[in-house]
Amino acid sequence: MSADNDVIISVKDLCKHYNGGEIKALDGVTTDIRKGEVVVVIGPSGSGKSTFLRSLNLLERPTSGTITFEGQDITSPSTDINKLRQNMGMVFQHFNLFPHLTIMKNMTIAPMKLRGISKADAEKKALELLGKVGLQDRAMSYPSQLSGGQKQRIAIVRALAMDPEVMLFDEPTSALDPEMVGEVLEVMKQLAKAGMTMVCVTHEMGFAREVGTRVIFMDCGKIIEENTPEEIFTNPQNERLQTFLKKVL
Ligand code: ADP
Ligand code: MG
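Just so you know, my numbering puts the end of the sequence shown at 638, numbered straight through with nothing missing.
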């Protein structure tokens, strides 16, 4: 077992309610995320997966509960949200690249503006990262000139250009044509291998199984079961998880 000082994100009794509590998007979620873990979050549509992920970098404000990031309570009003987000890269289903900027500009704008890195250094790093995903020659392209898979690979390395501590993925392959899913999963796999701490919402059960160090199954805003991929897929305990797996496997 990992020592407690390996915990990067600690979530305690997290709730997110809408309509005065009528909708419980999150209903008491407690879990720790440790350095180097690849946590895969699965569950039916509407179970709270996105709300959970978006709460981690305060894209959603929790109704109650606490989130500690590197020992700091980020739900306290004194938290510097921008600084926090710099340390948590996020990749969404839709690519969210700036359409009017070249790939190079997309990748260097945040490091230069927010991290104070020089243009030369930012561009050097951008090319290095683009090289890692085989897209070095697309630096001067615009997002509209790229395929969905290429855009999503760039969204990933753009987040990495900020040197985040943690990467959050919300269904990064769900909007892609099937033939492009593999190339994006491959980048995520390499990232996991390199030791990045990752929290990934995905329906790609093969990825969960192969790359995940832990799987969290959510339903109705709660963590119903969490375990190693091996246990989750071969020995699911909760009936709701069993039913879910029958549908998706
Ligand atoms: P998932 O990502 O697992 O599909 P979500 O986290 O997006 O689930 O949503 C969880 C629940 O919260 C759903 O019932 C959804 O309809 C509800 N919900 C999410 N955002 C809002 C909102 N802004 N207002 C009201 N209900 C919301
Ligand atoms: Mg979602």
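Ideal Cβ positions, reconstructed from N, Cα and C, are used throughout, including at glycine.
Around the beta-carbon of Asp469, fewer than 16 other beta-carbon atoms lie within 10 Å, marking it exposed. In this structure, Ala550 lies near Pro500, with their beta-carbon atoms less than 8 Å apart. The region 390–407 makes contact with the region 421–433; the number of CB pairs closer than 8 Å reaches 3 or more. Beta-bridge annotation (DSSP): Arg542 is not paired with any residue.
For Glu560, the shortest separation between its Cβ and any heavy atom of the ligand MG lies below 7 Å. The beta carbons of Pro451 and Cys404 sit about 6 Å from each other, so the pair counts as a contact at 8 Å.
Leu403 sits in a strand when the DSSP states are folded into three classes.
Closer than 7 Å to some heavy atom of the ligand MG: that does not describe the Cβ of Ser444. Inter-residue distance for Leu634 and Ser439 is about 19 Å (C-alpha atoms, whole angstroms). Residue state for Gly537 is assigned as helix, using DSSP reduced to three classes.
Nearest C-alpha to Gly410 among Leu630, Ile621, Gly610, Arg629: Gly610. For Ser439, the CB falls within less than 7 Å of some heavy atom of the ligand MG.
Contact between Thr562 and Thr591 is confirmed by a C-beta separation of about 7 Å, below the 8 Å threshold.
The alpha-carbon of Gln626 is positioned some 13 Å away from that of Ile612. Beta-bridge analysis with DSSP links Lys611 to Asp608. For Gly571, the enclosing alpha helix (DSSP H) begins and ends at 567–582. At least one heavy atom of the ligand ADP lies less than 7 Å from the C-beta of Ile412. Not one heavy atom of the ligand ADP sits closer than 7 Å to the Cβ of Ser399. With respect to Ser533, Ile492 sits apart: the two C-beta atoms are not nearer than 8 Å. The alpha carbon of Leu415 has as its nearest neighbour, out of Gly435, Asp421, Ser399, the alpha carbon of Gly435. A heavy atom of the ligand MG is found nearer than 7 Å to the CB of Val590. Just so you know, the alpha carbons of Met585 and Arg629 end up roughly 30 Å apart. DSSP places Met477 in the strand class (E or B) of the three-state scheme.
Apart from sequence neighbours up to five positions away, the residues of its chain that approach Glu512 with a beta-carbon distance below 8 Å are Met493, Thr497, ordered along the chain.
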